[in-house]
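First up is the structure itself, then whatever we jot down about it.
Chains as they are written, first to last, in my numbering: chain A, 16 to 129; chain B, 53 to 167.
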């Protein structure tokens, strides 16, 4: 029973291309997140949605556009990929918007831009 | 903004030895702290969290952490490590951001357990 799943697991692409990463959670949670882990393993929040509404939008280039078609899905579309976008992208979910809530992470998508 | 500092980037330890991974947080009235583990090429898994109450928090896989308000620390400990504990360990604080809450992570500590 995969709680938070992401596709694809690996993504290799050329600079300038557009790509999407998909995330699904079967935990019945209301809140979902995208985090970026760079080559030094530093993790940083990018976006968060609560019940399809964007509630966190950090200083991310507007080439990154999240979309939440329903509260179980959160996708990340990246336009005009750059070398610096190479990273591992993690999706996470939590039951609600609460400072105390545990976030459950997916397995990650390793994006390599050549 | 709240933050955490992980004082050691790498901790080598022999199997069956005790280990302590250090984490200090920026002082705040209320603070909610988490430890996550990332095994090689996997996602993050919650080890334990401190929200309130008892300052000694027990987690999975034999790990525990102690919340120390006077020293603003939340160190992770295990009395006897296994090879399988080799992983990256992240301390994090939950903080308000825009209209929600997000985890603000430390830079991670790489635990390497050798025979």
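Built from N, CA and C at the ideal position, the CB exists for glycine as well.
Values in this document were obtained by computation on a predicted structure and should not be read as measured data.
Helix, strand or coil at residue 98 (chain A) according to DSSP, with G and I counted as helix:
Taking the first chain and counting its residues from 1, one reaches residue 98 (chain A) at position 83. The answer is helix: DSSP assigns residue 98 (chain A) an H, G or I state.
N-terminal and C-terminal residue of the beta strand (DSSP E) that residue 140 (chain B) is part of
In the second chain, counting from the first residue as 1, residue 140 (chain B) sits at position 88. Note, residue 140 (chain B): beta strand (DSSP E), 139 to 149.
Ignore the nearest five residues each way along the sequence and tell me which others in residue 86 (chain B)'s own chain have a CB closer than 6 Å to its CB.
The residue labelled residue 86 (chain B) in the question sits at position 34 within the second chain. Excluding sequence neighbours, residue 86 (chain B) sits near 101, 144.
Could you name the residues of the same chain whose beta carbon sits closer than 7 Å to that of residue 131 (chain A), not counting the 5 residues immediately before and after it, in chain order?
In the structure as shown, chain A starts at 16 and stops at 129, and residue 131 (chain A) therefore has no counterpart that could be examined.
Residues of chain A with a CB under 7 Å from the CB of residue 94 (chain B): which are they?
Locating residue 94 (chain B) in the second chain gives position 42, counting from the first residue. Those within 7 Å of residue 94 (chain B) in chain A are 122.
Return no unless some Cβ of chain A is closer than 8 Å to the Cβ of residue 119 (chain B).
Locating residue 119 (chain B) in the second chain gives position 67, counting from the first residue. Closer than 8 Å: no.
N- and C-terminal bounds of the beta strand (DSSP E) containing residue 154 (chain B)
The sequence position of residue 154 (chain B) within the second chain is 102, counting from 1. Looking at the DSSP string, the run of the beta strand (DSSP E) that includes residue 154 (chain B) is 152 to 157.
Kindly give me the distance between the Cβ atoms of residue 94 (chain A) and residue 33 (chain A), rounded to whole angstroms, as I take these residues to be in contact under 8 Å.
Reading the first chain from its first residue, position 79 is the one you call residue 94 (chain A). Reading the first chain from its first residue, position 18 is the one you call residue 33 (chain A). Going by Cβ atoms, the distance from residue 94 (chain A) to residue 33 (chain A) rounds to 5 Å, so yes, they are a contact pair.
Roughly how many angstroms lie between the CA atoms of residue 82 (chain A) and residue 90 (chain A), to the nearest whole one?
Residue 82 (chain A) sits at position 67 when you count from the first residue of the first chain. Residue 90 (chain A) sits at position 75 when you count from the first residue of the first chain. Near 5 Å, if we compare the C-alpha coordinates of residue 90 (chain A) and residue 82 (chain A).
Is it right to say residue 85 (chain A) is buried, meaning 16 or more other beta carbons lie within 10 angstroms of its own, or is it exposed?
Here the question's residue 85 (chain A) lines up with position 70 in the first chain. Classification for residue 85 (chain A): exposed.
C-alpha gap between residue 83 (chain B) and residue 120 (chain B), whole angstroms:
Mapped onto the second chain, residue 83 (chain B) falls at position 31. Mapped onto the second chain, residue 120 (chain B) falls at position 68. Residue 83 (chain B) and residue 120 (chain B): Cα-Cα distance of roughly 11 Å.
Hey, is the stretch 30 to 49 of chain A in contact with the stretch 96 to 115 of chain A, meaning 3+ C-beta pairs nearer than 8 Å?
yes
Determine, for residue 128 (chain A), whether the minimum Cβ-Cβ distance to residues of chain B falls below 8 Å.
For the purposes of this step, residue 128 (chain A) is identified with residue 113 of the first chain, where counting begins at 1. No, residue 128 (chain A) lies away from the interface with chain B (no Cβ there is under 8 Å from its Cβ).
Residue 96 (chain B) and residue 66 (chain B) look like a contact to me (Cβ under 8 Å); what is the Cβ gap, rounded to whole Å?
The residue given as residue 96 (chain B) occupies position 44 in the second chain. The residue given as residue 66 (chain B) occupies position 14 in the second chain. Actually they are not in contact, since the Cβ atoms of residue 96 (chain B) and residue 66 (chain B) sit about 26 Å apart, beyond 8 Å.
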